[in-house]
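Numbering (this note's numbering), first residue to last: 1171 to 1773. Backbone N, C-alpha and C fix where the C-beta goes; we use that ideal spot for every residue, glycine too. Keep in mind the model is a prediction, meaning the values are calculated, not measured. Heads up: the structure comes next, in structure tokens.
This is the structure in structure tokens:
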């Protein structure tokens, strides 16, 4: 450990102490002392921590004071609990239950730093107390510190092996970390210990669904429902899984069952609205209308209902009401996401500024070949990428992996210039990405990654994966922007799409970046026009398959027969035959658009 890293570690440890994260600070001081046993600053820091935690009077506060705190906590007077308990903790710093109450009250009021500090105090007083580690894990997970949360849950389990709740939350932490295999193991262990653990069955289904194990997912949701027939979230998840498989009529029935149990379930109203063609006198329309008038409606629920009501009125021909609800629903969604257009403008500039630096890195992937070839299908969301993936993955040598967020997570920080890259780091990106593709490949050589916004990472892809095939799907700009605007995306990273003006501006940023890539990249990008594809399907499909160096197969002309799961907003459309004219649907809303698409550049 060089002097610079020692100084950095000591500084970080002091900051951790100030934030109350003494366990992490203690680890840092010990790591310094392991390398430099005579380091005075580390010794002093460790000594101060021990004094603050151990030097105290050993007597406990009077029992009546503890009882008062417990009563306040039971009544929900959490701020008062925190105020009084902290005063008591100063006088009686080794009282376990006081720190327990502080941690619990802080966690419930989302004062997570305070909660972490309190639970760490508990653990130091009673190092063998499993609930202390469990509660610490929950607070760390809520902070997004997933590795530390996983460590805390594992410590809880080491103290108490039959702890289903700890395994369940361990599964949640792994799921949030995108480690689906470990999440699966944890949920299964929770169920083994507690067979009627309904939430574990539901979340196990979610992991199976992420892994494209649809039968197992649906069976898990059914098990959750058999344990708790009123579990509407499991109904919703099962309906989503059925829809992803193309079993749309079954999905509709399950959504309707969920609404019978919970008529106010706003998210289910929105999901169901996407699968139904509404006609006059449909009772769900009036139901949603009345829910929107409900005072004190949660903003997330209002947003779901706005999109459902917009779709209903579009079907019914009341385009004015539909447009009004798309606009107001989008405004709510954008507000909830804290979207700021300046962030996107800065990001696109940063990408173009970073790429020349990446090019200078001496990275040669030619001697690092793997027996698998990624096919990136990218472009603006709602530009036809799902249809193209259906066409390509209908080929016997191609596996369709869907929208993978993997490349962005592995390489985004380098592509955006947020972290400096090196040959070793780029090699790791390559290896981790290809290893995951191999797991998804089913033994096939070609695997599609249909994350549209991988266009942001094309510079990095060209360096790290030069053997990759790149398909850039373009569609009529106005149709693309309109389709983005009217869509509620379940992911949080598309905040631009909830305002027509912001969507048009984002499209211009995207198109400018694609021109930049065309000028400076040394790999071929296949340009595929969605609208031309729908007109000349056979000719364009053959050219596409030829670009991929694949032999022609007639199945590629029948993407509607491709039974693979589709987990995007386009699942309904691509279950039908390729049809012309979809790019003109937006025109019926022209009277409400004030010519906003006139400023769009030519493709």
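For residue i and residue j, I'd like the C-alpha separation in whole angstroms.
{"i": "residue 1528", "j": "residue 1632", "result": "10 Å"}
{"i": "residue 1267", "j": "residue 1334", "result": "23 Å"}
{"i": "residue 1246", "j": "residue 1238", "result": "13 Å"}
{"i": "residue 1700", "j": "residue 1450", "result": "34 Å"}
{"i": "residue 1181", "j": "residue 1580", "result": "28 Å"}
{"i": "residue 1729", "j": "residue 1568", "result": "13 Å"}
{"i": "residue 1496", "j": "residue 1702", "result": "29 Å"}
{"i": "residue 1262", "j": "residue 1241", "result": "19 Å"}
{"i": "residue 1177", "j": "residue 1756", "result": "60 Å"}
{"i": "residue 1830", "j": "residue 1682", "result": "Residue 1830 is absent from the model: the chain starts at 1171 and stops at 1773."}
{"i": "residue 1320", "j": "residue 1769", "result": "50 Å"}
{"i": "residue 1741", "j": "residue 1414", "result": "Any reading at residue 1741 must be qualified, since the residue scores a pLDDT of 48, below 50, and its modelled position is unreliable; the value itself is stated next. Cα to Cα, residue 1741 sits roughly 7 Å from residue 1414."}
{"i": "residue 1478", "j": "residue 1442", "result": "8 Å"}
{"i": "residue 1647", "j": "residue 1754", "result": "11 Å"}
{"i": "residue 1544", "j": "residue 1642", "result": "14 Å"}
{"i": "residue 1532", "j": "residue 1691", "result": "16 Å"}
{"i": "residue 1375", "j": "residue 1389", "result": "8 Å"}
{"i": "residue 1326", "j": "residue 1276", "result": "20 Å"}
{"i": "residue 1366", "j": "residue 1356", "result": "15 Å"}
{"i": "residue 1227", "j": "residue 1215", "result": "Confidence is the limiting factor: at residue 1227 the pLDDT is only 42, short of 50, which leaves the residue's position unreliable and the question unanswerable from this model."}
{"i": "residue 1117", "j": "residue 1498", "result": "Given that the chain is displayed from residue 1171 to residue 1773, the structure contains no residue 1117 and the question cannot be resolved."}
{"i": "residue 1693", "j": "residue 1212", "result": "52 Å"}
{"i": "residue 1705", "j": "residue 1570", "result": "24 Å"}
{"i": "residue 1689", "j": "residue 1652", "result": "28 Å"}
{"i": "residue 1358", "j": "residue 1179", "result": "39 Å"}
If you run the structure through DSSP and keep just helix, strand and coil, what is residue i?
{"i": "residue 1577", "result": "helix"}
{"i": "residue 1593", "result": "helix"}
{"i": "residue 1545", "result": "strand"}
{"i": "residue 1446", "result": "coil"}
{"i": "residue 1313", "result": "coil"}
{"i": "residue 1693", "result": "coil"}
{"i": "residue 1265", "result": "coil"}
{"i": "residue 1467", "result": "coil"}
{"i": "residue 1711", "result": "helix"}
{"i": "residue 1768", "result": "helix"}
{"i": "residue 1271", "result": "helix"}
{"i": "residue 1230", "result": "coil"}
{"i": "residue 1225", "result": "Here residue 1225 scores only 48 on pLDDT, less than 50, and its place in the model is too uncertain to base an answer on."}
{"i": "residue 1699", "result": "strand"}
{"i": "residue 1456", "result": "helix"}
{"i": "residue 1194", "result": "helix"}
{"i": "residue 1247", "result": "coil"}
{"i": "residue 1704", "result": "helix"}
{"i": "residue 1600", "result": "helix"}
{"i": "residue 1416", "result": "coil"}
{"i": "residue 1153", "result": "Since the first residue of the chain shown is 1171 and the last is 1773, residue 1153 is not available in this structure."}
{"i": "residue 1757", "result": "helix"}
{"i": "residue 1782", "result": "The chain is shown only over 1171 to 1773; residue 1782 falls outside these bounds and no answer can be derived."}
{"i": "residue 1256", "result": "helix"}
{"i": "residue 1587", "result": "coil"}
For my contact list, residue i and residue j are in at a C-beta cut-off of 8 Å; report their separation, rounded to the angstrom.
{"i": "residue 1391", "j": "residue 1373", "result": "With a Cβ gap of about 10 Å, residue 1391 and residue 1373 do not count as contacting."}
{"i": "residue 1219", "j": "residue 1195", "result": "6 Å"}
{"i": "residue 1630", "j": "residue 1587", "result": "Not confirmed; about 11 Å, so no contact."}
{"i": "residue 1493", "j": "residue 1762", "result": "4 Å"}
{"i": "residue 1316", "j": "residue 1281", "result": "About 20 Å; that fails the 8 Å criterion."}
{"i": "residue 1308", "j": "residue 1339", "result": "6 Å"}
{"i": "residue 1264", "j": "residue 1295", "result": "6 Å"}
{"i": "residue 1658", "j": "residue 1550", "result": "With a Cβ gap of about 17 Å, residue 1658 and residue 1550 do not count as contacting."}
{"i": "residue 1563", "j": "residue 1732", "result": "6 Å"}
{"i": "residue 1655", "j": "residue 1670", "result": "5 Å"}
{"i": "residue 1428", "j": "residue 1406", "result": "5 Å"}
{"i": "residue 1475", "j": "residue 1458", "result": "5 Å"}
{"i": "residue 1511", "j": "residue 1666", "result": "7 Å"}
Let me confirm a value: residue i is counted as buried when at least 16 other C-beta atoms fall within 10 Å, else exposed. Which label applies?
{"i": "residue 1721", "result": "exposed"}
{"i": "residue 1556", "result": "buried"}
{"i": "residue 1378", "result": "buried"}
{"i": "residue 1200", "result": "exposed"}
{"i": "residue 1723", "result": "exposed"}
{"i": "residue 1613", "result": "exposed"}
{"i": "residue 1453", "result": "exposed"}
{"i": "residue 1516", "result": "exposed"}
{"i": "residue 1490", "result": "exposed"}
Shorter than 8 Å from the beta carbon of residue i to some beta carbon of chain B?
{"i": "residue 1353", "result": "Absence of chain B from the displayed structure is noted, only one protein chain being present."}
### Query
Which ranges would you report for the beta strand (DSSP E) in the segment 1605–1683 if only whole runs of at least 3 residues count?
Every unbroken stretch of the beta strand (DSSP E) spanning 3 or more residues and falling wholly within the segment 1605–1683 is given here in chain order: 1616–1619, 1639–1644.
### Task
Kindly provide the ranges of any alpha helix (DSSP H) runs that are 4 or more residues long and lie completely inside the segment 1475–1538, ordered along the chain.
Listed in chain order, the complete alpha helix (DSSP H) runs (minimum 4 residues) inside the segment 1475–1538 are 1489–1506, 1511–1529.
### Message
Which runs of the alpha helix (DSSP H) at least 4 residues long sit entirely within the segment 1349–1385? Give them in chain order.
### Response
The segment 1349–1385 contains, as complete alpha helix (DSSP H) runs of 4+ residues, the segments 1350–1363, 1368–1380 (chain order).
### Task
Quick one: which unbroken alpha helix (DSSP H) runs of 4-plus residues sit fully inside the segment 1550–1577? Chain order, please.
As far as the segment 1550–1577 is concerned, its whole alpha helix (DSSP H) runs of at least 4 residues are 1555–1563.
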